[in-house]
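Heads up: the sequence shown is residues 13 to 171, going by our numbering.
Built from N, CA and C at the ideal position, the CB exists for glycine as well.
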Amino acid sequence: MKSFLLSLVLVFLLALIVVPRIHPFASASAKASADTLRQLEAEFMNAAAEHGSQGYLSYYADDAVELPNGAPIIQGKISIAKGMGFLDQKDNHLTWTPVGAGISASGDLGYTYGSFEYRSKDKDGKPTVDNGKYTSIWKKQKDGSWKVVLDMGNASPSL
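Next up, the structure:
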């Protein structure tokens, strides 16, 4: 009887060690999906529309990198913030639509890509529209939130 109980305890302990390694992401609800990132993109755009540069930057990691079209690489959220004031001007409107998204197998890194439209007025008050494409790389942070760690865009002809 003692050997049976000892065997049972050993099997139970072995199961506690082995099973989590076989299915480390057993909880589907806890794992992010491409839809998670699409939803984040919608929230991101709304934050920018409602709160300007502050809302936009709230979705960036502190160590984010921006690769703007025709300009040098910008490293760090503080440096990126220096060029985002245009979002605080009432005649400027930046909107974007994700076309695709994906998540790494580990569930902590993902990407989105799509098209954007930037409406503003030139120095004479005439409306202008710029179109382009973008790619954002998202990373799950230690606190469980998702932040943009790399963002890039480039101009496109009018869509």
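Practice task
For Gly64, I'd like the list of residues in its chain whose CB is within less than 6 Å of its CB, leaving aside the five on either flank, ordered along the chain.
Solution key: Leu99, Asp100
Practice task
Measure from the alpha carbon of Lys135 to the alpha carbon of each residue in Gly112, Lys43, Asn104, Asn143, then state which is nearest.
Solution key: Asn104
Exercise for the section: Could you pull the start and end residues of the alpha helix (DSSP H) that Phe56 belongs to? Expected result: 46-69
Handout entry: When Lys94, Ala54, Thr109, Tyr72 are compared against Asn143, the one with the closest alpha-carbon
Key = Thr109
Exercise for the section: Closer than 7 Å by C-beta to Gly114: which residues in its own chain qualify, once you throw out the five before and the five after it? Chain order, please. Expected result: Ala46, Gly122, Tyr123
Exercise for the section: Can you check the stretch 97-143 for any beta strand (DSSP E) of at least 3 residues that lies completely inside it and give the ranges in chain order? Expected result: 105-115, 121-133
Practice task
Would you list the one or two residues that DSSP bridges to Val160?
Solution key: Tyr72, Trp150
Handout entry: 9 Å Cβ cutoff met for Val161 and Lys151
Key = yes
Handout entry: Boundaries (first-last residue) of the alpha helix (DSSP H) holding Ile90
Key = 89-93
Problem - DSSP three-state assignment for Gly165, whether helix, strand or coil - result: strand
Problem - Inter-residue Cα distance where the pair is Ala76 and Arg131 - result: 25 Å
Handout entry: Local conformation of Pro36 per DSSP, three classes
Key = Residue confidence is low: Pro36 scores 38 on pLDDT, short of 50, so the model does not pin down where it sits. Its coordinate-derived value is still stated next. Residue state, collapsed to three classes: coil.
Handout entry: C-alpha distance - Gly69 paired with Ala44, whole-angstrom precision
Key = It is worth fixing the name first, because residue 69 is Leu in this sequence and not Gly. If I take the Cα positions, the gap works out to 22 Å.
Exercise for the section: Figure out for me which residue from Gln153, Gly156, Lys145 has the closest Cα to the Cα of Leu79. Expected result: Lys145
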